[in-house]
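Right, one structure below, let's go through it.
Residue numbers (our numbering): 1 to 361.
So, in structure tokens, the structure goes:
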């Protein structure tokens, strides 16, 4: 064989040597550090001085290093990956769709050693959520996916979990002030603005006295739905007024009692805006007051109770957010990060906002 030639495939000479792939060892040698230090930088495990991490990342880019994806996938087959999931899904049918998406992704990735541990809680108590996150982190998970409350104790818990080298993704409701890896879910400001636009169309230029039934003031998504709704209503010439905001903690019985109490003392209310769960309780109160079909009722999501009340004419319209996609994409993105060590291209992945009325349910 002539010098400078190599053989590929069926003995065909290429006429030049194939370039050697840059390895972690090469990066470590150039940086004057151990391979373990380079690995910590590549996989964002922490414990490396910021200036040294910057220098290593510059060398990675300069030398054209790319992860050996095949090798990482093979490694994942030998070492199971466990992803912990926290959902406030007890008593809330909406999360059934998210769980279906989570489980579909788990089945598709099971050959690569991926399994899920789903921990379900009821309501939005910060202490319960923080405790559940700690419990999942102690179960030797490789990553966490959480739909949780956006309050300081929970943010601190999330950041403590991340500091231990466990990446955390937010699903369905985002988290501020944390190092969460990404968010998959509804664009809540947009969905709130959409609800306000629907209300304006339905009222035909007339204003409205509005009762808002929300899940929890601790859930960022619920708050953003109210904020987007109010922002859009302020642009309208007709007089729209928020008469009262009550919390249901996504519990149908609490939603029923608080809606009934509000309607008793606010006889001028002609619109009910429900930002989260507890829809069956709200509609029960509306029906008991003899107001079905007389109030404009706007809700979110496509669950059995909501569909029934839309078809019965109690709910005017419901705005949906693709829960299956939220669960499915969260697991797929976490898996890609665990295997490749690369952050997702975006910080937020918004699902579609879909309006449903009686005619398209």
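Built from N, CA and C at the ideal position, the CB exists for glycine as well.
Since this is a predicted model, take the numbers as computed values, not measurements.
Asked                                                                                                                                                             : Found
With C-beta atoms as the reference, is residue 279 less than 8 Å away from residue 295?                                                                           : no
Would you mind sorting residue 60 into buried or exposed? The rule is 16 or more other CB atoms within 10 Å of its CB.                                            : buried
Using a Cβ-Cβ cutoff of less than 8 Å, which residues in the same chain neighbour residue 28 once the five nearest sequence positions on both sides are dropped?  : 34, 35, 37, 38
Suppose only complete runs of 4+ residues qualify. What are the alpha helix (DSSP H) ranges in the stretch 213-271, listed by chain order?                        : 220-233, 252-265
Quick one: Cα of residue 242 to Cα of residue 292, how far?                                                                                                       : 20 Å
Could you pull out every residue in the same chain whose Cβ sits closer than 6 Å to the Cβ of residue 352, ignoring the five residues on either side in sequence? : 322
Let me check understanding here. Comparing Cα to Cα, which of 191, 165, 260, 325 lies closest to residue 226?                                                     : 191
Are the beta-carbon atoms of residue 195 and residue 319 separated by less than 8 Å?                                                                              : yes
DSSP beta-bridge partners for residue 300?                                                                                                                        : 319
Work out the CA separation of residue 104 and residue 113 for me, nearest whole Å.                                                                                : 14 Å
Using 10 angstroms around the beta-carbon of residue 63, count the other beta-carbons present and answer buried if the total reaches 16, otherwise exposed.       : exposed
At 3 residues or longer, what runs of the beta strand (DSSP E) sit wholly inside the stretch 137-211?                                                             : 143-146, 168-171, 183-185
Quick one: what's got a C-beta closer than 6 Å to residue 2's C-beta in the same chain, skipping five residues either side?                                       : Confidence is the limiting factor: at residue 2 the pLDDT is only 39, short of 50, which leaves the residue's position unreliable and the question unanswerable from this model.
I'd like the span of the alpha helix (DSSP H) that includes residue 51, first residue to last.                                                                    : 50-63
Let me confirm a value: residue 138 is counted as buried when at least 16 other C-beta atoms fall within 10 Å, else exposed. Which label applies?                 : exposed
Do three or more CB pairs link the stretch 122-133 to the stretch 196-204 at distances below 8 Å?                                                                 : no
Buried or exposed, going by whether 16 or more other CB atoms sit within 10 Å of the CB of residue 152?                                                           : exposed
Which residue from 263, 341, 47 puts its Cα closest to that of residue 143?                                                                                       : 341
Once you ignore the five residues that flank residue 11 on each side, which residues in its own chain have a CB closer than 8 Å to its CB?                        : Only weak support is given to the placement of residue 11: the predicted model assigns it a pLDDT of 37, under 50, and the question is left unresolved by the model.
Pull up the DSSP beta-bridge partners for residue 349, would you.                                                                                                 : 184
Can you grab the Cα-Cα spacing for the pair residue 282 / residue 215, in whole Å?                                                                                : 12 Å
Within the chosen definition, does the stretch 245-264 reach the stretch 164-181 through at least 3 CB pairs nearer than 8 Å?                                     : no
Exposed or buried, residue 327, counting other C-beta atoms within 10 Å across all chains shown (16 or more means buried)?                                        : buried
Mind checking whether residue 186 and residue 228 have CB atoms under 8 Å apart?                                                                                  : no
Which residue marks the beginning of the alpha helix (DSSP H) containing residue 279, and which one marks its end?                                                : 279-288
For a quick check, are the C-beta atoms of residue 298 and residue 274 less than 8 Å apart?                                                                       : yes
Pull up the CB-CB distance for residue 182 and residue 333, whole angstroms please, since I reckon it's below 8 Å.                                                : 6 Å
Report, in whole angstroms, the separation of the C-beta atoms of residue 121 and residue 167, which I expect to be a contact under 8 Å.                          : Actually they do not touch by this definition, with Cβ atoms about 21 Å apart.
Have a look at residue 40 and residue 95 and give me their C-alpha separation to the nearest angstrom.                                                            : 35 Å
Is the CB-CB distance between residue 84 and residue 163 below 8 Å?                                                                                               : no
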